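Visitor: Residue numbers (our numbering), protein chains in the order written: chain S, 1 to 99; chain F, 100 to 198.
Built from N, CA and C at the ideal position, the CB exists for glycine as well.
Just so it is clear, the structure is predicted and the values come from calculations on it, not from any experiment.
Dropping the structure in here first, questions after.
Protein chains: 2
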Amino acid sequence: MLNSKQKNQDDSNKQIQVFKALADPIRLEIIKYLKHHSHEIACGEVGKAVNISKTSGSYHFKLLEAAGLIDTRREAREKYVTLNKQTFDKYVTDFYQNI
Amino acid sequence: MLNSKQKNQDDSNKQIQVFKALADPIRLEIIKYLKHHSHEIACGEVGKAVNISKTSGSYHFKLLEAAGLIDTRREAREKYVTLNKQTFDKYVTDFYQNI
DNA sequence: AAAATAGTTCAAATATTTTTGAACTATTTA
DNA sequence: TAAATAGTTCAAAAATATTTGAACTATTTT
Chain S
1 MLNSKQKNQD DSNKQIQVFK ALADPIRLEI IKYLKHHSHE IACGEVGKAV
51 NISKTSGSYH FKLLEAAGLI DTRREAREKY VTLNKQTFDK YVTDFYQNI
Chain F
100 MLNSKQKNQD DSNKQIQVFK ALADPIRLEI IKYLKHHSHE IACGEVGKAV
150 NISKTSGSYH FKLLEAAGLI DTRREAREKY VTLNKQTFDK YVTDFYQNI
């Protein structure tokens, strides 16, 4: 079990991870693209839309997922992504209020 | 004058600058400290509270100011800082809604 | 079965950010 | 006027993040 100091540490790390994930033009474009397409979309489609290589896409999606900003679901060859609104609410929208 | 595409570019740059500024443990500590002290505080006092060197403080305060997250006022030897809530509102709290 | 497609992994190269200490300016105190 | 205090600037070093291409796995299409 984690004590309350450890929980704060953890949350602080998560907070930084979220801001780091948002602090990049490519990832911001990906997020904007997803926000404007409410249905599930494959990584490849997003990658094409924002004009990056497969490798670069793989790197950026991994980072966004690690930060909890997107959820992913693999179906056969393809990986579908959606925004995780809860993470945005907790670590972005409510950030100022909660600190 | 800037056209509307240039304005979006500009704002997108500002958005990234804000997230970059927030994506660091020291700067987050500084911001938390300021949030919990509503009155003006000198850089040195904050620096002592978060346990960093003068040089490091100077670097981080400059970055926060460039991002518009803090305002500063110099009075003789000392520089007083306060949070700029408008910037938090526009680029953090309202981020998700506005993209 | 071969070719095409979607995505991952790895390591090297590059770019960016952060830390550090020394030297500096300006102001205040002794 | 000398010493102390508050903060800045600079350049080098160290740490982190990003890009790239080649090789890979797994699945689907021809």
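Taking only beta-carbon positions, decide if L28 of chain S is within less than 8 Å of chain F.
Guide: Looking up residue 28 of chain S in the first sequence gives position 28. Yes, its Cβ sits closer than 8 Å to a Cβ of chain F.
Visitor: Helix or strand or just coil, what does DSSP make of I125 of chain F?
Guide: Position 26 of the second sequence, counted from the first residue, corresponds to residue 125 of chain F. DSSP places I125 of chain F in helix when its eight states are reduced to three.
Visitor: In or out: L101 of chain F buried (at least 16 other Cβ within 10 Å) or exposed?
Guide: Translated into the one-based positions of the second sequence, residue 101 of chain F becomes position 2. Answer is exposed; the Cβ neighbour count stays below 16.
Visitor: Pull up the distance between the alpha-carbon of L34 of chain S and that of E78 of chain S, whole angstroms please.
Guide: Working through the first sequence from its first residue, we reach residue 34 of chain S at position 34. Working through the first sequence from its first residue, we reach residue 78 of chain S at position 78. Using only the alpha carbons, I get a separation of about 16 Å.
Visitor: Anything in chain S within Cβ reach of A122 of chain F, meaning under 7 Å, just list it in chain order.
Guide: On the second sequence, position 23 is the one that residue 122 of chain F refers to. Those are I16, F19, K20, A23, listed as they occur along chain S.
Visitor: Between the segment 25–32 of chain S and the segment 44–53 of chain S, do at least 3 Cβ pairs fall closer than 8 Å?
Guide: Touching, per the Cβ criterion.
Visitor: Pick from S:N13, S:Q97, S:H39, S:V46: whose alpha carbon is nearest that of F66 of chain S?
Guide: Taking the first sequence and counting its residues from 1, one reaches residue 66 of chain S at position 66. As written in the sequence, residue 66 of chain S is Ala, which differs from the Phe given in the question. Nearest option by C-alpha distance: S:N13.
Visitor: Mark K175 of chain F as exposed unless 16 or more other C-beta atoms lie within 10 angstroms of its C-beta, in which case mark it buried.
Guide: Sequence index remark: in the second sequence, residue 175 of chain F carries index 76 (1-based). First, the residue type needs correcting, since residue 175 of chain F is Ala and not Lys in the sequence shown. It is exposed - the Cβ of A175 of chain F has fewer than 16 other Cβ atoms within 10 Å.
Visitor: Enumerate in chain order the residues of its own chain whose CB-to-CB distance from E40 of chain S is below 6 Å, with the five nearest sequence positions on each side excluded.
Guide: In the first sequence, counting from the first residue as 1, residue 40 of chain S sits at position 40. Within the same chain, E40 of chain S has close Cβ partners Y80, T82.
Visitor: My understanding is that Y91 of chain S touches Q6 of chain S, with C-beta atoms under 8 Å, so please give their C-beta distance in whole angstroms.
Guide: Along the first sequence, one-based indexing puts residue 91 of chain S at 91. Along the first sequence, one-based indexing puts residue 6 of chain S at 6. 18 Å between Cβ atoms; not a contact.
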